[in-house]
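Student:
Residue numbers (the working numbering): 39 to 501.
(1) Please state if the CB of residue 165 and the CB of residue 310 are separated by a distance shorter than 9 Å.
(2) Is it the case that the region 415-426 contacts the region 152-168, given that we only count it when at least three CB pairs across the two stretches are under 8 Å?
(3) Can you tell me which of the three DSSP states residue 189 falls into?
(4) Checking 9 Å against the spacing of the C-beta atoms, do residue 175 and residue 213 come in under that value?
(5) Put residue 194 into one of helix, strand or coil per three-state DSSP.
(6) Starting from the C-beta of residue 243, find all residues in its chain whose C-beta is less than 8 Å away, skip the five residues before and the five after it, and write them out in chain order.
(7) Distance, Cα to Cα, residue 396 vs residue 83?
(8) Tell me, which residues are paired with residue 463 by DSSP?
(9) Could you tell me which uninterrupted beta strand (DSSP E) segments, each at least 3 residues in length, are contained entirely in the region 399-451, listed from first to last along the chain?
(10) Start and end of the beta strand (DSSP E) containing residue 112?
(11) Would DSSP call residue 218 helix, strand or coil?
(12) For residue 360 and residue 161, what's the separation of their Cα atoms in angstroms?
(13) Please report the distance separating the alpha-carbon of residue 501 from that of residue 220.
(14) Under the rule that 16 or more other beta-carbon atoms within 10 Å means buried, what is residue 473, buried or exposed?
(15) Kindly indicate the opening and closing residues of the beta strand (DSSP E) around residue 276.
(16) Taking only the alpha-carbon atoms, compute the straight-line gap between residue 73 and residue 458 and give it to the nearest angstrom.
(17) Since residue 421 and residue 323 are thought to touch, with beta carbons under 8 Å apart, how far apart are those beta carbons, to the nearest angstrom?
(18) Please identify the residue among 374, 327 and 238 whose C-alpha is closest to the C-alpha of residue 407.
(19) Taking residue 201 as the reference, which of 178, 338 and 268 has the closest Cα?
(20) Assign residue 135 to one of three DSSP states: helix, strand, or coil.
(21) Can you tell which of 295, 299 and 280 has the C-alpha that lies nearest to the C-alpha of residue 289?
(22) Can residue 305 and residue 280 be called in contact, C-beta distance under 9 Å?
(23) Excluding five sequence neighbours on each side, which residues of the same chain lie with their C-beta closer than 6 Å to the C-beta of residue 316?
(24) Taking 7 Å as the limit between beta carbons, can you name the residues of its chain near residue 442, skipping five residues before and five after?
(25) How far does the beta strand (DSSP E) with residue 156 in it reach, from first residue to last?
(26) Going by alpha carbons, who is nearest to residue 207 out of 195, 222, 198 and 269?
(27) Taking the C-alpha atoms as reference points, what is the distance between residue 252 and residue 278?
(28) Which term fits residue 203, buried or exposed, when burial requires 16 or more other beta carbons within 10 angstroms of its beta carbon?
(29) I'd like to check one pair, residue 168 with residue 128: are the Cβ atoms closer than 9 Å?
(30) Would you list the residues sitting across from residue 168 in a DSSP beta bridge?
(31) Report yes if the CB atom of residue 498 is closer than 9 Å to the CB atom of residue 196, and no otherwise.
(32) Would residue 349 and residue 338 qualify as a contact pair, given that the criterion is a beta-carbon distance under 9 Å?
(33) Quick check on residue 228: does DSSP put it in helix, strand or coil?
(34) Restricting to Cα atoms, I'd like to know which of 148, 144, 125 and 126 is closest to residue 135.
(35) Contact between the region 326-335 and the region 404-419 is defined here as three or more beta-carbon pairs at a separation below 8 Å; is this criterion met?
(36) Starting from the C-beta of residue 145, find all residues in its chain whose C-beta is less than 6 Å away, skip the five residues before and the five after it, and write them out in chain order.
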């Protein structure tokens with residue numbers, strides 16, 4: 039008897055696999071566990087099952103449960119039979135669980151439906167200059183000191199400082215700029231001092247003694263530091279009701295440490311593109327432009343996130359191609375096929391260029407939600423494809439804002455990544471509206487990076 043049990047188990051397993059791989063059964067099994075819909079949108083579930091089985095299956099709203107005295111329209115979605123399947127319609131914002139049951143009580147498949155309100159924003163495409171001041175002075179390298187005795191030493195490294203550390207205070211004094219910190223260290227002479235350091239979110243106290251540098255005639259501790267970022271990018275969209283904007287589509291990182299930069303204060307301004315350096319395989323192109331802090335576009339920076347930078351607009355930007363609020367396409371509405379991007383390649387003129395969305399990755403949350411390919415002959419002839427400074431350029435499909443450009447493939451400048459608007463808006467809806475301003479001159483700027491991402495300028499200071 040006991041010898042038969044393994045055989046029975048094997049037979050049941052084979053039967054289960056046979057059922058699972060049957061085309062008609064797989065129709066049910068491959069239904070998604072979750073689905074997003076926009077209010078007013080319909081979705082058809084086509085079961086294509088034998089009539090006898092079809093009659094014994096029922097698709098119902100299981101949660102939230104409906105009270106018998108409640109009106110029939112209290113659910114976020116409605117369900118009706120449609121030929122060999124069911125039609126689901128999103129009725130109002132909210133979440134509902136729908137269940138496919140056999141004989142009315144044996145659950146076969148459950149799907150959570152998220153019914154989303156339609157969202158409209160003003161489309162960007164404007165070229166922007168970005169000034170981002172970090173919270174703390176970042177250590178980006180070690181700079182050995184030539185002592186008076188001719189020997190090279192590095193007090194900071196010997197004291198335990200690490201690349202990526204954020205210096206928050208020096209001898210109890212808050213330091214906001216590279217110059218402040220360099221002058222404070224020099225003024226201490228050879229007196230031992232304490233640095234308050236943030237390392238990966240942990241607060242540390244580092245004791246270090248400056249030494250005299252024979253080359254610079256200053257007291258130093260042997261570090262390269264940087265207090266912020268200067269770069270060029272593209273604005274994705276803004277919301278006239280909240281005055282919030284989104285730009286870049288990705289986090290700003292330091293060029294040396296590759297760490298995301300915490301925002302102390304920052305500002306975006308208008309940028310006029312003067313020159314374009316085309317990209318080629320192995321070498322990303324770039325936009326070169328002049329910043330104008332008295333231009334038609336300005337705002338603060340309050341957040342630097344994996345989905346881009348966010349803040350509040352001080353003036354209302356205008357897109358001549360779409361002077362109205364455009365409907366947002368959620369990820370499930372974006373399809374593989376033709377689309378357009380909007381960006382600036384000359385002056386401040388926003389232009390539209392053809393692309394193709396080649397592949398979607400809805401489960402990703404890293405700014406690489408879709409693969410896009412530039413097909414516009416004019417853009418390819420001028421830029422070679424996607425170049426640095428295009429990050430944040432809006433992606434338009436079917437007269438809806440589908441996402442933004444984020445990265446370029448180094449081996450193929452015509453191809454890159456984009457981010458869905460779902461992810462961009464998820465940060466926009468919770469962003470901090472507290473206004474922060476910074477006054478910075480408008481220099482000639484070129485972005486240096488290995489992708490479409492904006493990164494820090496190469497400037498750094500020795501201390």
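All residues carry an ideal CB built from backbone N, CA and C; glycine is no exception.
Tutor: Quick answer:
(1) Going by C-beta atoms, residue 310 is nearer than 9 Å to residue 165.
(2) Too few Cβ pairs lie closer than 8 Å, so no.
(3) Coil.
(4) Yes.
(5) Helix, per DSSP.
(6) Apart from the 5 residues on each side of it in sequence, residue 243 sits with its Cβ closer than 8 Å to the Cβ of 232, 233, 234 and 235 in its chain, given in chain order.
(7) Near 25 Å, if we compare the C-alpha coordinates of residue 83 and residue 396.
(8) Residue 463 is not bridged to any residue.
(9) DSSP runs (the beta strand (DSSP E)) wholly in the region 399-451: 408-412, 432-435 and 438-447.
(10) Taken as a continuous stretch (DSSP letters only), residue 112 belongs to no beta strand (DSSP E), as it is neither H nor E.
(11) Helix at residue 218.
(12) Between residue 360 and residue 161, the C-alpha separation is close to 7 Å.
(13) Each residue's Cα considered, the two are about 5 Å apart.
(14) In this prediction, residue 473 has a pLDDT of 36, which is less than 50 and means its spatial position is unreliable; what the coordinates show is noted afterwards. Counting C-beta atoms within 10 angstroms of its own C-beta, residue 473 has fewer than 16 neighbours from the protein chains shown and is therefore classed as exposed.
(15) In the DSSP annotation of this structure, the continuous segment of the beta strand (DSSP E) that includes residue 276 starts and ends at 261-276.
(16) Straight-line Cα distance between these residues: approximately 16 Å.
(17) Distance from residue 421 to residue 323 at the Cβ level is roughly 6 Å; contact confirmed, criterion being Cβ atoms closer than 8 Å.
(18) Residue nearest to residue 407 within the set 374, 327 and 238 is 374 (criterion: CA-CA distance).
(19) Comparing Cα-Cα distances from residue 201 to each of 178, 338 and 268, the minimum goes to 178.
(20) Looking at residue 135 - three-state DSSP - the assignment turns out to be strand.
(21) Ranked by how close their Cα comes to the Cα of residue 289, the residues 295, 299 and 280 have 299 in first place.
(22) In this structure, residue 280 does not lie closer than 9 Å to residue 305 by Cβ.
(23) Contacts found: 323, 421 and 422.
(24) Cβ neighbours of residue 442 beyond the five flanking positions: 274, 287, 430, 431, 432, 433, 456, 457 and 462.
(25) Taken as a continuous stretch (DSSP letters only), residue 156 belongs to no beta strand (DSSP E), as it is neither H nor E.
(26) Checked all of 195, 222, 198 and 269; the closest Cα to residue 207 is 222.
(27) Approximately 57 Å, taken between the alpha carbons.
(28) With 16 or more other Cβ atoms within 10 Å, it is buried.
(29) Taking 9 Å as the cut-off, the beta carbon of residue 128 is found no closer than this to the beta carbon of residue 168.
(30) DSSP output for residue 168 lists 269 and 306 as bridge partner(s).
(31) For residue 498 and residue 196, no; Cβs fall outside 9 Å.
(32) The answer is yes: Cβ separation under 9 Å.
(33) Note: residue 228 maps to coil in three-state DSSP.
(34) Closest option to residue 135, Cα to Cα, is 148.
(35) The region 326-335, when compared against the region 404-419, does not touch it at the 8 Å Cβ threshold.
(36) Same-chain partners within the cutoff: 137 and 139.
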